[in-house]
Structure formats: structure tokens, C-alpha cells
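Enquirer: For reference, the structure I am asking about is given below.
Residue numbers (the numbering used here): 766 to 994.
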């Protein structure tokens, strides 16, 4: 039997492969990386992800990192799960990869600046980081809103792992006072995601992990930036 381990941190983008694996329906284990204890810097974890980030997927001892790569691998490994729509050729597949890269390389860095602006600026400049990131995100949310107006999911009637990534983006900024009221289609999409049993199971895994971290006193606390003397 294939052994599948997914290293996660509650609330992080490791939610994307967690949802994907729940949608596939294959048994897997989630292991929490305790960032506040420095586990991401330790040799035990860095043997799987030398970058010290989550997620890291380990299948039968072989590690894979980065959400785009993990999504593509899981789609090929479990083709019947429908993580991505069927394609007619390499160009269509490349376009799907480009969509996932849009989430990982374009949206994700902006999410971090909205959610954790103090990581990128002094306290005096933190509001400006948040505002500029929010302005940039509005442009992309406008584009996503237009696309979702034409169907339930990113690819129309077909759910995909792209929807899992978009949901995580929406959830992260919604929880950081980013105004989502002007995006009714994207909001509908997020609520539809939360009604899916696989998503509910993924969120329950995170809830268990969060409770464990609270008990250990290791819930993630964003780094602060001291003002210059």
C-alpha cells in the first residue's frame, strides 16, 4: 500500500494539496510543521523540503515540494480523481499549469503582503504595504470575478484543484479585512468550496492541527518589525 505523508501548517497554502488528497480519497497522513519551534529549519524536515516551507508531499519515501508540482503530480498519479480537466494536447496542459502558476507566483505573494505586511516593512510603512497589495489584488480579483461569472468553477462546470487554490487565496484575504463584497461570484465560489465534503475534511484536519499547536503553545505568531531607533 502506498504511504502518503503531507507536511502542513494550518492556514497555509498546504491546504491546497490537503483538499486535493481528500478529493482523491486516498488514505494519507498529515504532519504538522511547528514553525514556532523552528522545525522548518531542522534537518529532520529539510530532508524533505530544503527550503523550509510547506507543503511537502512524501510518497513512499520520495519527496515533492511546491503546490504547482504537487498538483500536477497528483493529477497524473490519480487521473480518475479529476483534479484537472482532460486536455487534448500539451498546449492545453501548459495552460492549466499557467493557471496554477498564477495562483502560486502572482496571487500568493500578494496574499502574504495583505495578511502579513509587517514581514515586509517597518511599523510606519506597514499600512502602505497593505494598501498597495490590496490595490494589486483588486485587479486580479476583478479578473477572477469575471471568469467565475460564466460558471460554477474556474473551468466552468468542472471542479479542479485550481478551485482549491483560489479558495485558499480568497479565504486568506477575507480574513485580513480585504473587502470581498464587490466580488459576489468569487464569494459564491468560496462558499461552494466550503460545502464540499472533501474541503470540510481538509478543514477538520487543520482544526485538529491548530488545537494541537495551541495545547503545545506553538500557534504561529507573525514576526514583528521594530521601528528604527
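Glycine is no exception: its CB is placed at the ideal position from the N, C-alpha and C atoms.
Identify the residues that DSSP records as bridge partners of residue 875: which are they?
Expert: Answer by DSSP bridge pairing: none, since residue 875 is not bridged.
Enquirer: Could you give the DSSP three-state label for residue 794: helix, strand or coil?
Expert: strand
Enquirer: Taking just the CA atoms, how far does residue 880 sit from residue 921?
Expert: Distance between the alpha carbons of residue 921 and residue 880: 29 Å.
Enquirer: With hydrogens ignored, establish whether the beta-carbon of residue 936 is closer than 7 Å to any heavy atom of the ligand ATP.
Expert: Annotation note on the ligand ATP: not contained in the displayed structure, which lists no ligands.
Enquirer: Does DSSP classify residue 821 as helix, strand or coil?
Expert: Judged by DSSP in its simplified three-state form, residue 821 adopts strand.
Enquirer: Relative to the C-alpha of residue 870, which residue among 794, 934, 766 is closest?
Expert: It is 934 whose Cα lies nearest to the Cα of residue 870.
Enquirer: State whether the stretch 795 to 804 contacts the stretch 769 to 778, with contact taken as three or more CB pairs (one from each stretch) at a distance under 8 Å.
Expert: yes
Enquirer: Write down the C-beta distance between residue 769 and residue 786 rounded to the nearest angstrom, noting that I regard them as a contact closer than 8 Å.
Expert: 7 Å
Enquirer: Which residues does DSSP pair with residue 919 in a beta bridge?
Expert: BP columns for residue 919 are empty, so no partner.
Enquirer: Tell me whether residue 868 is buried or exposed, calling it buried when 16 or more other Cβ atoms sit within 10 Å of its Cβ.
Expert: Counting Cβ neighbours within 10 Å, residue 868 comes out buried, since at least 16 surround it.
Enquirer: What does a CB cutoff of less than 6 Å around residue 858 pick up in its chain, not counting 5 residues either side in sequence?
Expert: 852
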